[in-house]
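This report refers to the structure that appears directly beneath it.
In my numbering, the protein residues as written are 136 to 436.
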């Protein structure tokens with residue numbers, strides 16, 4: 136199979152709704168960043184690297200929706216899988232690293248910020264401890280489950296036929312990525328790094344099994360677009376390429392995150408040993424009458 140790369144790169148499409156959502160998210164973040172710079176000083180709350188990651192995350196969303204990946208997502212399964220990789224894995228990771236909730240909150244009025252903070256703390260999500268095992272299991276289950284549900288043939292084909300369902304598919308994949316990375320990247324406890332690594336390993340295995348099913352299947356799993364004939368691409372080759380895109384680059388994203396977590400854990404060094412409690416002081420030794428220097432009381436006359 137010879138993939139028509141030149142034709143692919145010249146096929147573009149603009150998604151106005153996606154661009155509007157990205158613009159709103161970018162403006163809200165920039166407003167918060169300026170408020171932080173004005174009231175707390177440069178480099179406080181969020182560093183320049185975090186701002187760059189958030190910007191790159193929004194750029195990944197634009198690339199997924201307003202590029203050949205978005206224009207051909209209903210024709211080429213490989214393009215559709217590349218789009219899902221950006222929306223469901225890469226973009227959420229970069230966005231979470233930029234700490235958007237904290238930064239955007241700084242751009243709100245004090246009354247709005249306090250009301251939002253109180254509402255968040257009272258909400259179920261605000262009460263969870265991100266480093267707990269139950270929350271990590273739930274985040275991995277949501278992430279892997281979203282990938283599997285939306286890539287089952289009936290749901291996948293329905294999303295291609297219905298624009299509203301297609302938007303819901305993208306929103307669910309993006310949300311599942313946000314939840315996973317919010318739980319894993321936000322770890323601040325030394326004894327939770329191993330749990331975060333296991334969570335990422337489970338997520339990689341879960342999504343990798345789906346990719347392997349697409350690669351190793353002996354027949355097309357999804358409805359083949361009639362326009363695929365004009366691309367001179369065999370449906371099985373297109374499906375296998377989509378599975379490889381999901382399997383290999385996606386695996387490297389998980390592996391890269393694991394590498395960063397382990398490197399951070401090693402850089403902190405071992406936990407400081409707690410000094411043993413001092414033993415209680417021994418009781419005073421017994422002394423004889425002579426040692427005490429006692430004298431007989433003279434008799435009164």
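Note that CB positions come from ideal geometry on N, CA and C, so glycine has one too.
Taking residue 389 as part of the alpha helix (DSSP H), name the residues at either end of that continuous run.
-> 370–403
Report yes or no: do three or more beta-carbon pairs, one from the segment 349–361 and one from the segment 370–380, lie closer than 8 Å?
-> yes
Given a cut-off of 8 Å, decide if residue 164 and residue 235 are closer than it, judged by their beta-carbon atoms.
-> yes
For residue 224, collect the residues of the same chain with a Cβ closer than 7 Å to its Cβ; drop the 5 residues on either side in sequence, then sort them by chain order.
-> Beyond the five residues adjoining it in sequence on each side, residue 224 comes within less than 7 Å, by CB distance, of 312, 385, 388 in the same chain, given in chain order.
Measure how close the beta-carbons of residue 206 and residue 148 come, nearest whole angstrom, since I'm counting them as under 8 Å.
-> 4 Å
Ordered along the chain, which non-local residues of its own chain (more than five positions away) have a Cβ less than 6 Å from that of residue 201?
-> 149, 150
Under 8 Å Cβ to Cβ from residue 397, same chain only, skipping five residues before and after it: list those, please.
-> 328, 332
At which residues does the alpha helix (DSSP H) containing residue 189 begin and terminate?
-> 183–200
Rounded C-alpha distance that separates residue 179 from residue 172 | 7 Å
Please classify residue 258: does DSSP put it in a helix, a strand, or coil?
-> coil
Would you mind working out which of 366, 237, 319, 290 sits nearest residue 394, comparing C-alpha positions?
-> 319
Does the distance from the C-beta atom of residue 277 to that of residue 314 stay below 8 Å?
-> yes
Roughly how far, in whole angstroms, is the beta-carbon of residue 217 from the beta-carbon of residue 192, given that I think they are within contact range, below 8 Å?
-> Not a contact, Cβ separation roughly 16 Å.
Could you give the residue range of the alpha helix (DSSP H) that holds residue 311?
-> 298–320
What is the DSSP secondary structure of residue 361, reduced to helix, strand or coil?
-> helix
Which whole-angstrom value describes the C-beta separation of residue 294 and residue 285, a residue pair presumed to lie in contact below a C-beta threshold of 8 Å?
-> 7 Å
So residue 157 and residue 168 are in contact, right, with Cβ under 8 Å, and what is the actual spacing, rounded?
-> Actually they are not in contact, since the Cβ atoms of residue 157 and residue 168 sit about 16 Å apart, beyond 8 Å.
If you check the beta carbons only, do residue 210 and residue 362 fall under 8 Å apart?
-> Yes, these two residues count as a Cβ contact at 8 Å.
Between the C-alpha atoms of residue 309 and residue 197, what's the straight-line distance to the nearest angstrom?
-> 13 Å
Residue 347 and residue 382: beta carbons closer than 8 Å?
-> yes
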